[in-house]
Amino acid sequence: MISTALTGLWYGFGVAFEPHNLLWCFVGVLVGNMVGVLPGMGPLATISILLPLTFGMKPVGAILMLGGVMYGAQYGGAICSILLNLPCHPPHAVTCLDGFPMTKQGRGGVALGLTVFASFVGASWGITEMIFLSPLLVRAALQFGPAEVCSLMLLGLLAGSTLARGSPIKGVAMTVLGLFLGSVGTDLETGSERYTFGLTELDDGIELIALALGLFGIAEFMNSVNQVAPINTKYTNVSLKDMRPSKEDFKKAFFPMWRGTIVGSLCSLIPGTGPTIASFVAYATEKKISKHPEKFGTGLIEGVVCPEASTHSSVQGDFIPTMSLGIPGDAVMALLLGALMIQGIVPGPQLITQHPDIFWGLVASFWIGNIMLVLLNVPLISIWVKMLAIPYKFLYPSAMFFVCIGVYAANNDFFQVGEVVVIGLFGYILLRLGYHPAPILLGFVLGPRFEENFRRAMLISRGDILVFIERPISAVFVALCAILIGSQIYFRLKGGKTPDLEPADENKPVEIPADLAPRRVPATPAE
Amino acid sequence: MQHNLLRELVGKRDFYAGGLMVLLGLGVALKGSTYRAGTLMHMGPGFLPTALGIILVLLGIAIAVAALAPSAPDEHGHIAGESLLPEHPQWWAWFCILMSPVCFIVFGRYFGLAPATFTCVLIAALGDKDATWRGTIILATVVTVFGVGLFSYFLQVPMPIFTWRGAL
């Protein structure tokens, strides 16, 4: 088992070191790091903008680049949190708590330096986990029939929508909406058109890119326009010299870093708990076991490295179910799967054997990309910091152009640019009504496959719906779904609180906008 | 009492949130029922969408009813009471952002990529409250030059840079 994994990895390095793949990986992490730093731009919007550009590329290069954007943005987001106190990227919201006080004490550089190091440790652990766990998962998943696949998807969808931020029931509603949107267009099995209202442009369904850019581009811009406070660049003079941690700092950070890594990797194993939850849980745990919990929030290095390591380990871990089972844990992963599907690659347990170059190339590129990120972030920190000062009024109009041309370039069709306007407006209304649109994408990407497997399962069982609980593996997934729903209802009745953020925050360590919706840049930095 | 309840409703965002889902679900289910549903064993194209529509209606009702319940000021209390419009509605900026892709479509179809890019960025940038004509024109020009270079020359997007009343 281990030896096959290592051979695979060796092969993957061969793929990832091919010059064009190396280049795309570099482009990905560079762009990712850049948008991570820019307040008001998220990895989701960026990946959707870049998606059409990958159509002409080979699938390996495309996925390496888009993956690079994802984890590159995590490095950049930390800079934003520590130096500006802006939790513009949800996973880094907790990092503000101790990161910004450190900056005010003039130790922002040290925090950044150790964050980069902790991120690398966390990511490395996540990658290792991926190398050894994915083949195991695949071996189990290859036994799955349509019924198992179906209930597993159901579990993934439920977890993705209830454990994410915001109200669980609204999350489920968004997932159902996404599933529906995925069914628009020609029905694959019968060839009849659904919900196209006579528009031939809708025959192929709603364009994934238009949906993603409408929900995460236009709707977000409408939400943030004129609400972004001018950025306080008072503390953003950081040079390479400031980043070197003292021996004592390093010692203090060492164990929290590893604890964060472990928490992150555990969180990534639970479907639906992405990096945001991982970082919150890590911070809460660290605070709980600390000898001086009262000092958290005043600029402790532990409070910075622990959530950061956790975020990165969980980001890499999130790729495990996505790549090995074809079940994405969150919207970003759904988008990456969508990118693969556009390239004509069917996600699922057969991916590793059928396209080893994609899987192992991706794994190997994670290492390479993370090393690139360390190299990019440490010596070039002053450049990234300067980017923080780009005002939003320049950012969003330029981004609007990228949205338009991106959607257009997907099919060279103006109709889809119109689609993006409608979806954007609708997405903004949803945002105002307190919905988080991310699960829509999850449902949208999984929808067609869910329907296909559901139909197949029903056909095999001759229309017997009980097949889902008669087959043992499927029954386990269904039971997990039931537990998930049951616990949500239980916690709702008990205290109106989701269980996942609960550990150890009795005394409220987290003072960030309480609805945990930091995709919205707060109007005033909470200073 | 009745009056109070009604007044309370107006401020309850979740009531509308649920209502929207009910409406959407109804639409989906009604339209879905015009497609062939088939049997459980041989599902027709209408089966899953109709089912999803019904689930959406139920979820919408649950969301709306939860909003109606006399909410003790819980964790989410302030969210439930939030008004539909943000504190400072940005009608002009919203309009600009939505018009920007529309301009891209119109200008792209009739005049080509460069004019489309220019107007798209220009209109979007005018939405900012501190926008000046000079600043926005400079920004639009820079993005146009850069964008045309990147997309037309480097990435070969098949859209003419300049054209006059191109394909209708």
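Residue numbers (the numbering used here), protein chains in the order written: chain A, 12 to 538; chain B, 3 to 170.
Note that beta-carbon positions come from the ideal geometry of N, C-alpha and C, so glycine has one too.
Select from the options the residue whose C-alpha is nearest the C-alpha of residue i.
i: residue 398 (chain A); options: A:419, A:41, A:34, A:33; result: A:41
i: residue 151 (chain B); options: B:116, B:92, B:123, B:138; result: B:116
i: residue 166 (chain A); options: A:496, A:352, A:502; result: A:496
i: residue 385 (chain A); options: A:67, A:254, A:96; result: A:254
i: residue 322 (chain A); options: A:285, A:65, A:190; result: A:285
i: residue 108 (chain B); options: A:419, A:504, A:189; result: A:419
i: residue 50 (chain A); options: A:183, A:21, A:236; result: A:236
i: residue 353 (chain A); options: A:220, A:441, A:447; result: A:220
i: residue 503 (chain A); options: A:447, A:177, A:29; result: A:177
i: residue 369 (chain A); options: A:26, A:17, A:21, A:13; result: A:26
i: residue 276 (chain A); options: A:112, A:262, A:75, A:293; result: A:293
When you compare only the Cα positions, how much space is there between residue i and residue j?
i: residue 482 (chain A); j: residue 358 (chain A); result: 23 Å
i: residue 19 (chain A); j: residue 79 (chain A); result: 20 Å
i: residue 382 (chain A); j: residue 131 (chain A); result: 8 Å
i: residue 6 (chain A); j: residue 340 (chain A); result: Here chain A covers residues 12 to 538 and nothing more, so residue 6 (chain A) does not appear.
i: residue 540 (chain A); j: residue 121 (chain A); result: In this structure chain A extends from 12 to 538, so residue 540 (chain A) is not present and cannot be described.
i: residue 61 (chain A); j: residue 27 (chain B); result: 33 Å
i: residue 328 (chain A); j: residue 142 (chain A); result: 10 Å
i: residue 317 (chain A); j: residue 452 (chain A); result: 30 Å
i: residue 81 (chain A); j: residue 69 (chain A); result: 19 Å
i: residue 123 (chain A); j: residue 90 (chain A); result: 7 Å
i: residue 233 (chain A); j: residue 180 (chain A); result: 25 Å
i: residue 445 (chain A); j: residue 165 (chain B); result: 44 Å
i: residue 63 (chain A); j: residue 310 (chain A); result: 42 Å
i: residue 454 (chain A); j: residue 106 (chain B); result: 30 Å
i: residue 395 (chain A); j: residue 135 (chain B); result: 29 Å
i: residue 465 (chain A); j: residue 155 (chain A); result: 13 Å
i: residue 100 (chain A); j: residue 477 (chain A); result: 43 Å
i: residue 268 (chain A); j: residue 107 (chain A); result: 17 Å
i: residue 99 (chain B); j: residue 94 (chain A); result: 30 Å
i: residue 257 (chain A); j: residue 272 (chain A); result: 22 Å
i: residue 515 (chain A); j: residue 46 (chain A); result: Model confidence at residue 515 (chain A) stands at a pLDDT of 33, short of 50, so the residue's coordinates are unreliable; what they give is reported in the following sentence. The straight-line gap from Cα to Cα measures roughly 32 Å.
i: residue 274 (chain A); j: residue 186 (chain A); result: 27 Å
i: residue 266 (chain A); j: residue 87 (chain A); result: 23 Å
i: residue 192 (chain A); j: residue 103 (chain A); result: 31 Å
i: residue 126 (chain A); j: residue 47 (chain B); result: 51 Å
What residues from chain D crowd round residue i, counting only those whose CB sits closer than 8 Å?
i: residue 117 (chain B); result: Absent here is chain D; the protein component of the structure consists of chains A and B.
Leaving out five residues on either side along the sequence, give the residues of the same chain with a beta carbon under 6 Å from the beta carbon of residue i.
i: residue 153 (chain B); result: 159
i: residue 435 (chain A); result: 225, 229, 230
i: residue 76 (chain A); result: 35, 38, 39
In this structure, does DSSP put residue i in helix, strand or coil?
i: residue 205 (chain A); result: strand
i: residue 197 (chain A); result: strand
i: residue 352 (chain A); result: helix
i: residue 523 (chain A); result: A caution first: residue 523 (chain A) carries a pLDDT of 39, below 50, which makes its placement in the model unreliable, though a value can still be read off. Reduced to three states, the DSSP call for residue 523 (chain A) is coil.
i: residue 308 (chain A); result: coil
i: residue 171 (chain B); result: The structure shown does not extend to residue 171 (chain B), since chain B is modelled only from 3 through 170, so no value can be given for it.
i: residue 88 (chain A); result: helix
i: residue 133 (chain A); result: helix
i: residue 40 (chain B); result: strand
i: residue 82 (chain B); result: The pLDDT assigned to residue 82 (chain B) is 42, lower than 50, so where the model puts this residue is not dependable, and the model offers no usable value.
i: residue 133 (chain B); result: coil
i: residue 518 (chain A); result: Because the pLDDT at residue 518 (chain A) is just 30, under 50, the model does not fix this residue reliably, and the point stays unresolved.
i: residue 391 (chain A); result: coil
i: residue 89 (chain B); result: coil
i: residue 157 (chain B); result: coil
i: residue 111 (chain B); result: helix
i: residue 165 (chain A); result: helix
i: residue 284 (chain A); result: coil
i: residue 94 (chain B); result: helix
For residue i, which residues in the same chain have their Cβ closer than 7 Å to its Cβ, ignoring the five residues on either side in sequence?
i: residue 75 (chain B); result: Its pLDDT being 46, under 50, residue 75 (chain B) is placed unreliably in this model, and the coordinates cannot settle the point.
i: residue 149 (chain B); result: 119
i: residue 52 (chain B); result: 31, 34, 35, 39
i: residue 15 (chain A); result: 146
Within a Cβ cutoff of 8 Å, which residues of the same chain sit near residue i, ignoring the five residues on either side of it in sequence?
i: residue 348 (chain A); result: 333, 337, 339, 358, 456
Does the count of Cβ pairs from the region 165-175 of chain A and the region 200-207 of chain A closer than 8 Å reach three? no
**OP:** Spell out a yes or no on whether the region 123-131 of chain B and the region 402-416 of chain A are touching, meaning 3 or more CB-CB pairs, one atom from each, closer than 8 Å.
**Re:** yes
| query | Is there contact here, the region 247-264 of chain A with the region 453-473 of chain A, by at least three beta-carbon pairs under 8 Å? | reply | no
- prompt: Pairing CB atoms from the region 292-305 of chain A with CB atoms from the region 345-359 of chain A, are three or more of them under 8 Å?
  reply: no
Margin query: Taking 8 Å as the cut-off, does the region 133-149 of chain A touch the region 462-477 of chain A (at least 3 CB pairs, one atom from each stretch)?
Written below: Between the region 462-477 of chain A and the region 133-149 of chain A, the count of C-beta pairs closer than 8 Å stays below three; the two stretches do not touch.
Tell me whether the region 157-164 of chain A and the region 17-32 of chain B touch, counting them as touching only if at least three CB pairs, one residue from each stretch, are closer than 8 Å.
Per the Cβ contact rule, the region 157-164 of chain A is not in contact with the region 17-32 of chain B (fewer than 3 Cβ pairs under 8 Å).
When the Cβ atoms of the region 190-199 of chain A are set against those of the region 209-225 of chain A, are three or more pairs found closer than 8 Å? yes
Check your understanding: Three or more C-beta pairs closer than 8 Å, one from the region 95-104 of chain B and one from the region 427-443 of chain A: is that the case here?
Key -> Touching, yes, given that three or more Cβ pairs across the two stretches are closer than 8 Å.
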